[in-house]
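So the sequences go chain by chain: A and B. Count the first sequence with numbering that gives the first Met the number 0 and you get residues 0 to 445, in order. Count the second sequence with numbering that gives the first Met the number 0 and you get residues 0 to 445, in order. Where a beta carbon is used, it is the ideal one built from N, C-alpha and C, also for glycine.
2 protein chains.
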Amino acid sequence: MRLTRYFLPTMKETPAEAQIASHRLMLRAGMIRQASAGIYSWLPLGYKVLKNIERIVHEEQQRAGAIPVMMPTIQSADLWRESGRYDAYGPEMLRIKDRGDRDMLYGPTNEEQITEIAKAGLKSYRDLPVNLYHIQWKFRDEVRPRFGVMRGREFLMKDAYSFDIDRENAERSYNRMFVSYLRTFERLGLKAVPMRAESGPIGGDMAHEFLILAETGESEVFLDRTLADLTLGERGLDYADDAEMAAIRGDWTASYARTEDEHDAAAFEAEVPEERRVTARGIEIGHIFYFGTKYSEPFGASVVNAEGASVPLHGGSYGIGVSRLVGGIIEASHDDKGIIWPESVAPFQVAVVNLKQGDAESDAACESLYERLGAMGIEVLYDDRNERAGGKFATVDLIGCPWKVVVGPRGLKEGTVELGNRRTGETENLSADALVNRLAAQFGHG
Amino acid sequence: MRLTRYFLPTMKETPAEAQIASHRLMLRAGMIRQASAGIYSWLPLGYKVLKNIERIVHEEQQRAGAIPVMMPTIQSADLWRESGRYDAYGPEMLRIKDRGDRDMLYGPTNEEQITEIAKAGLKSYRDLPVNLYHIQWKFRDEVRPRFGVMRGREFLMKDAYSFDIDRENAERSYNRMFVSYLRTFERLGLKAVPMRAESGPIGGDMAHEFLILAETGESEVFLDRTLADLTLGERGLDYADDAEMAAIRGDWTASYARTEDEHDAAAFEAEVPEERRVTARGIEIGHIFYFGTKYSEPFGASVVNAEGASVPLHGGSYGIGVSRLVGGIIEASHDDKGIIWPESVAPFQVAVVNLKQGDAESDAACESLYERLGAMGIEVLYDDRNERAGGKFATVDLIGCPWKVVVGPRGLKEGTVELGNRRTGETENLSADALVNRLAAQFGHG
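Take a look at the structure:
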């Protein structure tokens with residue numbers, strides 16, 4: 000993309016209403032624009048990041064066997080009356096009357112709707128397990144929306160729902176999602192730690208929140224440092240292998256890790272040696288839990304088991320805050336110049352900065368690099384504006400492209416361009432050919 | 000995808016509430032499930048088709064220079080008061096009060112919102128042209144929702160908005176979208192005809208609806224047969240070439256084509272020789288128009304022109320009914336057995352039917368084909384159920400996979416499997432290797 004043909008309304012000043020880094024940086028980088036309190040438009044740069052995250056979430060959900068669907072945003076209140084949640088849900092639920100004066104609502108979540116779908120479509124134990132998910136806009140009418148997309152009212156969320164014949168099989172579904180969340184967050188460049196969550200109506204230990212550690216986190220967290228060092232890395236995963244899934248969940252839950260709501264100071268001290276005790280702040284980016292027959296019973300969502308008896312489905316639900324992740328990644332990865340994107344979600348992997356727009360040799364070198372890198376499938380932003388170098392660098396650093404290619408007459412005279420890494424700040428002069436080869440290798444086209 | 004691991008709740012009976020083929024077939028094929036009147040959940044099969052259409056629309060929008068964004072579904076009523084449309088819009092607008100008693104609405108369209116974004120981000124004629132689009136859920140509270148996704152209340156729509164310095168440049172933007180719509184609909188396997196539409200507040204000839212011809216169309220249309228025969232084919236398009244764009248629009252608007260609202264019987268007879276006069280029914284799938292300064296003036300959305308004067312932006316808007324297209328394609332392409340998908344949007348390009356599940360040789364042959372075709376990136380549905388051949392064929396024909404591979408003991412004894420084409424009904428026996436090569440060539444992996 001040529002910047003002169005793009006729509007990137009960056010801001011020099013820091014907007015006064017933004018209290019945290021991600022909110023400030025998303026506004027300054029022209030990623031979002033507030034439409035109303037807690038409701039944002041995603042401008043081109045923000046949209047690209049959102050879509051990159053969404054794509055990774057889709058891929059990892061499907062790899063773990065979940066099947067995509069799309070449920071509508073507007074739900075009937077009657078559906079929620081069946082589960083008893085219509086009256087129980089607080090004023091965060093956006094209640095609506097349609098033109099026929101029927102009670103509707105903008106879905107904050109979809110357990111009722113998916114249970115109705117499962118009831119209609121699942122008849123026999125042979126139809127199980129099934130895990131259906133969607134990535135859809137949801138609405139929670141927060142009384143005090145703030146922190147930009149971190150606590151907005153309209154937000155994009157992935158929610159998956161598993162259906163199994165009994166608790167034991169539901170646990171297998173739970174473990175697959177548990178592992179898939181680890182993989183998803185690693186691909187997003189995040190260090191996410193699963194923490195025991197309030198178990199809700201069912202009890203037991205099948206409820207986890209996934210948090211990333213960041214100074215601006217909304218919750219205090221306590222964990223064993225061992226967990227912060229665990230990683231799946233390049234390890235191959237076989238989601239059909241129930242024992243492997245259970246073992247991975249075991250590894251990630253063997254050590255103490257809890258949010259302040261679940262924290263037990265005595266247990267923390269007893270279980271974790273002092274030098275490994277970490278107290279930090281965390282941002283919740285995922286939440287998974289097993290809810291048993293909580294919804295299948297009121298809805299009569301049953302299947303016939305192997306013995307011919309009708310039994311209620313056992314369910315779990317698995318959420319990832321997709322739009323929230325955009326803010327979460329920035330909270331975890333920025334500096335005072337701007338955002339530092341992990342390569343997997345960067346809106347542009349490479350920025351080409353022309354130091355002397357209008358200089359025939361510089362223009363030609365930039366055009367050639369822009370073309371060659373683009374032809375390899377690398378997303379390149381070419382800053383072709385008539386602007387001073389300082390302004391161009393400020394923009395590129397603000398929007399956080401992982402790699403910066405600087406082209407100017409002085410370097411070209413010596414046959415070189417400069418390659419800079421946003422995260423490390425390291426730069427290197429090399430020939431255009433060497434640079435193309437280096438980036439090709441970096442992005443797997445080597 | 001193995002059918003036994005999929006979620007495909009097909010129906011044998013035709014649902015009584017469905018009046019038209021696409022509604023009936025989408026329900027029977029397990030593509031959608033009604034959530035409330037005019038509001039549908041997209042089940043796995045329907046979701047795949049919806050996403051395939053969305054992907055093609057995205058690609059063609061971006062090829063024509065439009066930039067993706069994402070505006071929220073919930074808008075502030077104040078924004079619509081600025082344009083005067085809040086009171087003017089009828090009861091189809093879903094009006095909402097949030098918990099703070101503020102007037103909000105579920106967006107039926109986004110002219111106001113995008114104009115506010117353009118106003119904030121565009122300063123100079125040098126920032127133009129810009130065309131921003133999104134694909135987002137919208138809501139129109141139809142008094143009598145019917146025809147399934149063809150006239151639902153919650154629907155997915157692509158809407159693009161162009162901004163230019165004057166009418167002449169706006170026409171260039173208009174022409175790019177005009178041509179891109181022709182390409183988009185051709186890629187979707189549709190024969191779409193642009194027809195002069197009511198020009199609205201601006202007057203002039205920059206307003207077109209795109210309709211496909213189908214017996215169940217909502218509107219009577221009148222056209223010169225010449226238009227039904229025009230096609231872009233494999234022609235390369237240079238969207239930067241304004242003259243080429245204008246010429247293509249010229250070709251497609253040189254002959255008479257109007258909906259009943261715009262029809263002029265005298266002109267039809269005068270302009271079109273009798274043997275070329277076609278009267279048919281049409282389904283609107285796209286709508287483009289130039290609206291000048293209608294929104295930029297009330298919003299004060301201006302830029303500085305080359306002479307340093309502040310001038311209001313000239314706008315156009317360009318819609319495609321993405322969810323409606325799923326129904327439209329089915330209306331245009333089905334038979335009494337079910338849907339016939341164009342390859343570009345088919346949820347699965349190939350269905351593998353195992354005639355004797357559990358027979359070692361048949362199972363092995365199916366597994367091998369499933370694997371080999373999948374490895375080429377072809378989406379394959381493997382019907383691995385324990386069911387009679389008749390039931391399997393009925394399912395595969397109903398859901399409309401373009402290609403069917405039938406594997407059974409009798410054929411395998413002679414070293415062959417059967418390849419069938421859903422549209423033509425033609426079948427052929429060939430070796431597994433020959434079949435893989437044939438499909439590889441068909442899908443561009445030859």
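- Secondary structure at N168(B): helix, using DSSP grouped into helix, strand and coil.
- Taking CB atoms only, D97(B) has a neighbour in chain A less than 9 Å away.
- Between N109(B) and D158(B) the beta-carbon gap is near 6 Å, inside 8 Å, which marks them as a contact.
- For P107(A), the three-state secondary structure derived from DSSP is coil.
- Secondary structure at D140(B): coil, using DSSP grouped into helix, strand and coil.
- DSSP links T258(A) through a beta bridge to V220(A).
- In summary, R323(B) is buried, with 16 or more beta-carbon neighbours lying within 10 Å of its beta-carbon over all protein chains present.
- Taking the beta carbon of A119(B) as reference, the chain A residues within 8 Å of it are P8 and R32, listed in sequence order.
- With a beta-carbon spacing of about 16 Å, I328(B) and L181(B) fall beyond the 8 Å limit used to define contacts.
- Look at Y39(B) here: in three-state DSSP terms it is strand.
- Beta-bridge partners assigned by DSSP to K96(A): D102(A).
- Per DSSP, V321(A) lies in no beta strand (DSSP E); the unbroken alpha helix (DSSP H) holding it starts and ends at V321 to A331.
- In this structure, E261(A) and R195(A) form a Cβ contact; the two beta carbons are roughly 5 Å apart against a cut-off of 8 Å.
- Q61(A) and Q356(A) have their C-alpha atoms spaced approximately 45 Å apart.
- Looking from the CA of L226(B), the closest CA among Y255(B), A264(B) and A206(B) belongs to Y255(B).
- When C-beta atoms of the segment 363-373 of chain A are compared with those of the segment 393-400 of chain A, fewer than three pairs fall below 8 Å, so the two segments do not count as touching.
- Distance check between E197(A) and each of N51(A), H207(A), R4(A) and K190(A) places H207(A) closest, using alpha-carbon atoms only.
- Between I116(A) and V302(A), the gap from beta carbon to beta carbon reaches 9 Å or more.
- Per DSSP, S21(A) is one residue of the alpha helix (DSSP H) stretching across A20 to R27.
- Only residues of its own chain outside the window of five on either side were considered, and among them F146 and T215 have a CB closer than 6 Å to the CB of I19(B), listed in chain order.
- In this structure Y160(B) is in contact with G314(B), their Cβ atoms being roughly 6 Å apart against a cut-off of 8 Å.
- Counting of Cβ neighbours within 10 angstroms places A65(B) among the buried residues, the total reaching 16 or more.
- Sixteen is the threshold: since fewer than 16 other Cβ atoms of the shown chains lie within 10 Å of the Cβ of S430(A), the residue is exposed.
- Where P408(B) is concerned, the enclosing alpha helix (DSSP H) starts and stops at P408 to K412.
- Taking 9 Å as the CB threshold, Y160(A) stays off the interface with chain B.
- L312(A) has its alpha-carbon roughly 8 Å from the corresponding atom of E296(A).
- Under the three-state reduction of DSSP, E417(A) is assigned to strand.
- In the three-state DSSP reduction, L236(A) falls in the coil class, being neither helix nor strand.
- V129(A) reaches chain B at F6, counting residues in chain order whose Cβ is nearer than 8 Å.
- Put simply, the CB of K50(B) is near chain A, with a gap under 9 Å to one of its CB atoms.
- Cβ-Cβ distances below 6 Å link V178(A) to M244 and I247 in the same chain, with the five nearest sequence neighbours on each side left out; the list follows chain order.
- In the three-state scheme derived from DSSP, where H, G and I count as helix and E and B as strand, F267(A) is classed as helix.
- Under a criterion of Cβ atoms nearer than 9 Å, no residue of chain B is adjacent to F177(A); the nearest Cβ is some 20 Å distant.
- By the C-beta density criterion, A242(A) is exposed, having fewer than 16 other C-beta atoms within 10 angstroms.
- Assignment of L380(A) by DSSP, reduced to helix, strand and coil, places it in the strand class.
- What V68(A) touches in chain B, judged by beta-carbon distance under 9 Å, is F6, S40, W41, L42, P43, G45 and Y46, going in chain order.
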